[in-house]
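Have a look at the structure below, then the notes.
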RNA sequence: GUGGGCGUAGCGUAGCGGUUAACGCGCCAGGUUGUGGCCCUGGAGACCGAGGGUUCAAAUCCCUCCGUCCACCCCA
């Protein structure tokens, strides 16, 4: 039998691995989170910005750090037809800083407060709360170095969680120093680890070379004693960093925000300086981080801009929604139609579509029945839709107008 | 990248070697009804993830692949 004789069925496609369709029944959750995010950001004076979902690859490759997992194995890289090397954005900050520079926002009153909501992409193995395309709310306060802003963005995220009805979470906080004090600390850390290299895991040997700070958050059992005995970063902080952290803590205290200091907390992206923080749900499990961020005072310079401090965070919609469901928060349902119009004859159908338009103009949410169905089917449909009222147009109603 | 679980109608499941693959929900049609819901009847819908193998016989056993979920890692 030749292939011409057996017509092959068209292939059925599924959404690509690690992506998901957001179906109508999930939309109330998305709307709930999005509305709350916009409301809270605006209440803090943040203005919305949206950047393209892809950028010149260098925007991310140069900023996140070549040894970071994001750059090393998770970025979607592609060359377009004009031979430009582009990257689907894996995170939200570097591209917003690119826009800050490109549009001369340094000449606006500082700090510039920005927020954005959109998809990010990372090639990673999917699991609960982890997707190759996920949606983040990002918030950035750019152009001022005071710890007031560190506290402000943390407060903003706390406020959002409260607004969403999420009560069970912990704020982890740390400071990882800056260009002044971190090099000395890194030297001390290397000196400490050098004789231990034969005992630690392969990843740690790599970290030793490329990103020593991350030695601190190795989860391998065999490395734990090394981690425990490592010199403490907090002992090496310069006066400016120590003072910044103290000020941040004073602001947080004033705001009554409780947190735990976790000296092991180190972020996966290289551009962070001083403040780093993560929000964790109490219920441990897959998606351990509900939101995280920190200060990135050198980032704008890395992208060719003037020295510009900044602080911000990202929080994932999918994970927020998982926790909203887990904590039993109820969200407003999609509104049911106020009017359902049933019709019994072809002539009545004509009248029905006209009535539908008129009713919508009057502000009702209206569903007109599909043609050719029995009245029983139409009424059943009206009921399934939860319509408040049903109008029925039959021969009599047509005749009487 | 590493490990484990699972893939049977749109969804949730049963069947785990023997003839037309079952049930619930949903969908469609009809009956009943004071036009819906409830109840009753009927119907459509599955080459049992894909390919190969074992067997007289495979959804059922074996192998490979793919997908998916969960965990590690990483992170939102």
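Numbering (our numbering), first residue to last: 25 to 425.
From the three backbone atoms N, C-alpha and C, an ideal C-beta is built for every residue, glycine too.
Can you tell me the Cα-Cα spacing of residue 331 and residue 62, whole angstroms?
29 Å
Inter-residue spacing [alpha-carbon to alpha-carbon] between residue 187 and residue 66:
13 Å
Output yes or no for whether 9 Å exceeds the beta carbon distance between residue 258 and residue 302.
no
Beta carbon of residue 79: closer than 8 Å to some heavy atom of the ligand ZN?
Annotation note on the ligand ZN: not contained in the displayed structure, which lists no ligands.
Just to confirm, are residue 100 and residue 85 a CB contact at a threshold of 9 Å?
no
Just the Cα atoms here: how many angstroms apart are residue 88 and residue 213?
22 Å
Go through its chain and collect everything with a Cβ distance to residue 29's Cβ below 8 Å, but skip five positions before and after it.
Note that residue 29 scores 35 on pLDDT, short of 50, meaning its location in the model is unreliable; the coordinates nonetheless yield the value given after this. So the list is empty, once near-sequence residues are dropped.
Same chain, Cβ closer than 6 Å to residue 250, neighbours up to 5 away in sequence not counted:
220 and 224
Start and end residues, beta strand (DSSP E) containing residue 369:
Note, residue 369: premise wrong, no beta strand (DSSP E); not H, not E.
Leaving out the 5 sequence neighbours to the left and right, which residues in its chain are closer than 7 Å to residue 272 when beta-carbon positions are compared?
171, 174, 175 and 299
Just mark residue 344 as buried or exposed, buried being the case when its beta carbon has 16 or more other beta carbons within 10 Å.
buried
Can you name, in chain order, every residue of its own chain whose Cβ lies under 8 Å from the Cβ of residue 134, other than the five neighbours on each side?
166, 167 and 168
Helix, strand or coil for residue 145 per DSSP?
strand
Would you report the Cα separation of residue 235 and residue 242, rounded to the nearest angstrom?
12 Å
Work out the CA separation of residue 60 and residue 393 for me, nearest whole Å.
34 Å
Runs of 4 residues minimum, wholly inside the segment 202-256: which ones carry the alpha helix (DSSP H) assignment?
206-217, 226-234 and 248-253
Does DSSP put residue 83 in a helix, in a strand, or in coil?
helix
Would DSSP call residue 64 helix, strand or coil?
helix
Which of helix, strand or coil does DSSP assign to residue 101?
strand
Quick one: residues in its chain with C-beta nearer than 7 Å to the C-beta of residue 46, no 5 flanking neighbours on either side, listed in chain order?
54
If you follow the beta strand (DSSP E) that residue 319 is part of, which residue opens it and which one closes it?
315-319
Have a look at the DSSP bridge pairing and note the partners of residue 112.
78
With 16 other Cβ atoms within 10 Å as the buried cut-off, status of residue 282:
exposed
Given residue 264 as reference, the closest of 228, 200, 252 and 327 once Cα atoms are compared
200
Would you mind sorting residue 423 into buried or exposed? The rule is 16 or more other CB atoms within 10 Å of its CB.
exposed
Start-to-end residues for the alpha helix (DSSP H) that takes in residue 269
263-278
Measuring only the C-alpha atoms, how far is residue 232 from residue 238?
8 Å
In whole angstroms, what separates the C-alpha of residue 374 from that of residue 386?
19 Å
Mapping DSSP to helix, strand and coil, what is residue 49?
helix
Mind checking which residues open and close the alpha helix (DSSP H) that includes residue 402?
399-409
Euclidean distance between Cα positions of residue 295 and residue 52
36 Å
Alpha helix (DSSP H) containing residue 289: first to last residue?
Counting along the chain, residue 289 falls outside any alpha helix (DSSP H), and DSSP gives it neither H nor E.
Quick check on residue 284: buried or exposed, where buried means 16 or more other Cβ atoms within 10 Å of its Cβ?
exposed
Measuring CB to CB, does residue 339 end up less than 9 Å from residue 181?
yes
With DSSP collapsed to three states, give me the class of residue 327.
coil
With a cut-off of 8 Å on the beta carbons, I'd call residue 159 and residue 37 a contact; round off their distance for me.
Between residue 37 and residue 159 the Cβ distance is about 22 Å, and since that is not below 8 Å, they are no contact.
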